[in-house]
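Residues 2 to 172 (my numbering) make up the sequence shown, in order.
Okay, structure first, notes after.
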Amino acid sequence: MKNSSFSRRQFLGVTAAAAGASLAAKTIFLTPEPLFASTLSASPSDRLRFGIVGIGMQGNWLLSSAIELPGVECVKACDLYDGRHTLAREITNKPGLPVTRRYQELLADKDIDCIIAAVPDHWHKQIVVDAVSAGKDIYCEKPMSHTAAEGVEMVDAQSAPAASFRLGRNA
2 MKNSSFSRRQ FLGVTAAAAG ASLAAKTIFL TPEPLFASTL SASPSDRLRF GIVGIGMQGN
62 WLLSSAIELP GVECVKACDL YDGRHTLARE ITNKPGLPVT RRYQELLADK DIDCIIAAVP
122 DHWHKQIVVD AVSAGKDIYC EKPMSHTAAE GVEMVDAQSA PAASFRLGRN A
């Protein structure tokens, strides 16, 4: 009699395909509701105001995408290069958009609710820790660290009592 059992590799491939197909089916057949449209009103006090650090290749794409969200507004931009200050103003269609070379100015601004960081990997740890310590929420794609200790430092900054309170957790 011939043994027709699956190898481990074949089994994993088939189950991964089945899982992917079931997720795709849910995505196709369910109609998601917009997250922001019903929760944010048009009054200025209800707008999410953000600052962006880095308007390079990834940053200008993130800025362009973020300003299209309803109830979201870019209020300040930071980059080291003057040409990118001009680019941020063009993307936001705000000729008077405040710009700076120092990201700490965005962190000190009480009108800014959160930060988008689109900076080189070696800056991720410092900007994430500084933003969280300043009480700002931050979006940073793939927050990199060069050592495990730097990664732990980012997690510890988020886990501090002030950050936990901000996130609605009991400290």
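The C-beta atom is built at its ideal place from N, Cα and C for all residues, glycine as well.
- The alpha-carbon separation between T16 and R10 amounts to approximately 10 Å.
- Taking the CA atoms as reference points, G57 sits about 37 Å from A20.
- Distance from the Cα of F51 is smallest, within the candidate group A18, G136 and V156, for G136.
- With contacts defined as CB atoms closer than 9 Å, Q59 and A119 qualify as a contacting pair.
- A residue is called buried once 16 or more other Cβ atoms fall within 10 Å of its Cβ, and D80 is buried on that count.
- The Cβ-Cβ distance between L88 and G72 does not fall below 9 Å.
- Rounded to whole angstroms, the separation of the alpha carbons of D114 and D122 is 23 Å.
- For I116, the enclosing beta strand (DSSP E) has its first and last residue at C115 to A118.
- It is roughly 21 Å from the alpha-carbon of G55 to the alpha-carbon of E151.
- In its chain, beyond the 5 residues on either side, A135 have a beta carbon closer than 8 Å to the beta carbon of A109.
- With distances taken between CA atoms, S146 lies nearest to W124 out of W62, W124, N61 and D157.
- Following the DSSP letters along the chain, one finds E74 inside the beta strand (DSSP E) bounded by residues V73 to C79.
- Look at the segment 100–152 and you find these whole runs of alpha helix (DSSP H), each 4 residues long or longer: 104–109 and 122–134.
- Residue pairing by DSSP places R50 opposite E74 in a beta bridge.
- Between D112 and V76 a beta carbon distance of about 6 Å is seen, short of the 8 Å cut, so the two are scored as contacting.
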